[in-house]
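Data block below; observations after.
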Amino acid sequence: MRIFTDPAGSGWLWFDNLVTAGGTSVAFDPQTGAFSSHAHFCANREVIDCNWSATAQGALCHACAMTVLVPDPAIPNAVTNWARTEAAKRWVLNNLSRWGWFGPEDTGVRPVFHLLAEGPTPVIMGHAAGVVTISVAEADPVIVAVRRTALEEPYRTMIGHMRHEIAHMIWWRLGLQSDFLDAFRAEFGDERSDYGAALERYYADGPPSDWKERFLTAYASAHPHEDWAETVAHLLHLTDISDSFVASGLSSPEVPDPGWDPYLEADSERLIHAAASLTVGVNHVNRAMGLSDVYPFVLSDTSRRKLAFVHDWLRTGA
Ligand SMILES: [Zn+2]
Ligand SMILES: [Zn+2]
84 MRIFTDPAGS GWLWFDNLVT AGGTSVAFDP QTGAFSSHAH FCANREVIDC
134 NWSATAQGAL CHACAMTVLV PDPAIPNAVT NWARTEAAKR WVLNNLSRWG
184 WFGPEDTGVR PVFHLLAEGP TPVIMGHAAG VVTISVAEAD PVIVAVRRTA
234 LEEPYRTMIG HMRHEIAHMI WWRLGLQSDF LDAFRAEFGD ERSDYGAALE
284 RYYADGPPSD WKERFLTAYA SAHPHEDWAE TVAHLLHLTD ISDSFVASGL
334 SSPEVPDPGW DPYLEADSER LIHAAASLTV GVNHVNRAMG LSDVYPFVLS
384 DTSRRKLAFV HDWLRTGA
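Numbering (the working numbering), first residue to last: 84 to 401.
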């Protein structure tokens, strides 16, 4: 993620800022990719601290307008968790718009979001025919801490859920292009194999013993659709870590050029090599605070090849 300039002063703004250091209210304009102090604010600003601008007074911003179902505010913590969920969604939509996906200029089909609180009935997260369903309870720090342990997914985050579920939507959009499916099946396998049976088998038997050589995560081994979504999520993690690294003014011999923009990098191998090297350094920084590694995953040759495939399609496919 970039760091932004203050339109009303001389300081910097972080992506989720509502106010500058000097106290001026600002909004992020998804069209220009910059903050403004004269914009119409999103109609959700007072409700969930959305800091994006809208095209008209009283309208929702580009991101909030994609959410058609919001959580029942009567459920405890629903609105707080919804706010955190929309913040993760805005972050990921901004990442994807750097490659032309789902931004204001993208004329293709956009995802529709159902962001639901967990009441008496559980919320099953997933993607179906352009609808992304997310449980906002996963934005609750206590609930997510419990599930990280119970599901043995220490890196379960709302930003990760957004990247994974939107990845399924991107697959669906790319499937409209004639040359995508054959290329996908050659790399990831045939997604027409029975999805329900594959997931049942995965939950009953677990991943194959050699999964680390073939997949980024254990869950990716369940079915080609899940392998795709996990690989896209990881490509987004790696690209965004790299982008945030350079935006912060950090340097490393692994950064290819001064002023390098990871989202403009056309060479997949160069991007993945640089990103993987930078994560080693950032992991080391985290250990100085006694915190977990930011990116503890090991990239096998197969995973690197799949990441490169995903990068080529994400960069040019929208
Ligand atoms: Zn908004
Ligand atoms: Zn999935």
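The beta-carbon is built from N, C-alpha and C at its ideal position, and this holds for glycine as well.
Report the option in the options whose CA atom is closest to the CA atom of residue i.
i: Glu-309; options: His-251, Arg-353, Leu-259; result: His-251
i: Ile-249; options: Lys-172, Ala-281, Arg-231; result: Lys-172
i: Gly-258; options: Ala-391, Met-241, Ala-212; result: Ala-212
i: Ser-119; options: Ile-131, Glu-129, Thr-138; result: Thr-138
i: Leu-234; options: Ile-253, Arg-256, Met-245, Gly-289; result: Gly-289
i: Asp-376; options: Leu-382, Asn-366, Thr-399; result: Asn-366
i: Thr-399; options: Gly-373, Asp-223, Tyr-346; result: Tyr-346
i: Thr-300; options: Ser-325, His-317, Val-229; result: His-317
i: Phe-196; options: Ala-222, Leu-179, Thr-168, Trp-184; result: Thr-168
i: Ala-228; options: Arg-239, Ser-218, Val-219; result: Arg-239
i: Arg-297; options: Gly-141, Ser-136, Cys-133, Glu-313; result: Glu-313
i: Val-219; options: Arg-246, Asn-164, Met-208; result: Asn-164
i: His-68; options: Gly-141, Gln-140, Trp-174, Gly-92; result: The structure shown does not extend to residue 68, since the chain spans only 84 to 401, so no value can be given for it.
i: Lys-295; options: Ile-158, Asp-384, His-394; result: Asp-384
If you follow the alpha helix (DSSP H) that residue i is in, where does it begin and where does it stop?
i: Val-229; result: 224-233
i: Leu-397; result: 384-400
i: Leu-259; result: Here Leu-259 belongs to no alpha helix (DSSP H), and DSSP marks it neither H nor E.
i: His-317; result: 307-330
i: Gly-364; result: 351-370
i: Ile-131; result: 128-131
i: Ala-104; result: From DSSP, Ala-104 is part of no alpha helix (DSSP H); its letter is neither H nor E.
i: Ala-280; result: 278-288
In whole angstroms, what is the alpha-carbon distance linking residue i and residue j?
i: Ser-292; j: Met-84; result: 36 Å
i: Asn-160; j: Ala-166; result: 10 Å
i: Thr-190; j: Ala-401; result: 9 Å
i: Gly-272; j: Leu-264; result: 10 Å
i: His-210; j: Leu-333; result: 37 Å
i: Val-162; j: Arg-181; result: 29 Å
i: Val-363; j: Ser-386; result: 17 Å
i: Val-153; j: Leu-199; result: 6 Å
i: Pro-90; j: Ser-331; result: 19 Å
i: Leu-101; j: Phe-328; result: 23 Å
i: Asp-262; j: Trp-254; result: 13 Å
i: Leu-282; j: Gly-186; result: 33 Å
i: Tyr-378; j: Ser-108; result: 34 Å
i: Pro-205; j: Pro-237; result: 21 Å
i: Ala-269; j: Tyr-278; result: 18 Å
i: Ser-335; j: Ser-325; result: 11 Å
i: Gly-73; j: Glu-274; result: Here the chain comprises residues numbered 84 to 401, so residue 73 is not present and cannot be evaluated.
i: Arg-231; j: Leu-354; result: 29 Å
i: Phe-87; j: Arg-370; result: 28 Å
i: Trp-396; j: Glu-188; result: 18 Å
i: His-394; j: Val-192; result: 20 Å
Assuming residue i is part of the beta strand (DSSP E), what are its boundary residues?
i: Val-195; result: 195-199
i: Asp-112; result: 110-112
i: Val-215; result: 214-218
i: Val-175; result: That residue, Val-175, is in no beta strand (DSSP E); its alpha helix (DSSP H) goes 161-180.
i: Gly-209; result: 209-211
i: Val-407; result: The structure shown does not extend to residue 407, since the chain is modelled only from 84 through 401, so no value can be given for it.
Pull up the CB-CB distance for residue i and residue j, whole angstroms please, since I reckon it's below 8 Å.
i: Ala-146; j: Phe-124; result: The pair is not a contact, with the Cβ atoms about 13 Å apart (cut-off 8 Å).
i: Asp-155; j: Gly-202; result: 7 Å
i: Asp-99; j: Asn-134; result: 6 Å
i: Pro-194; j: Met-149; result: 6 Å
i: Glu-352; j: Ala-391; result: 6 Å
| message | Contact between the region 339-346 and the region 298-315 is defined here as three or more beta-carbon pairs at a separation below 8 Å; is this criterion met? | response | no
| Okay, do the region 352-360 and the region 313-329 touch, 3+ Cβ pairs below 8 Å being the bar? | yes
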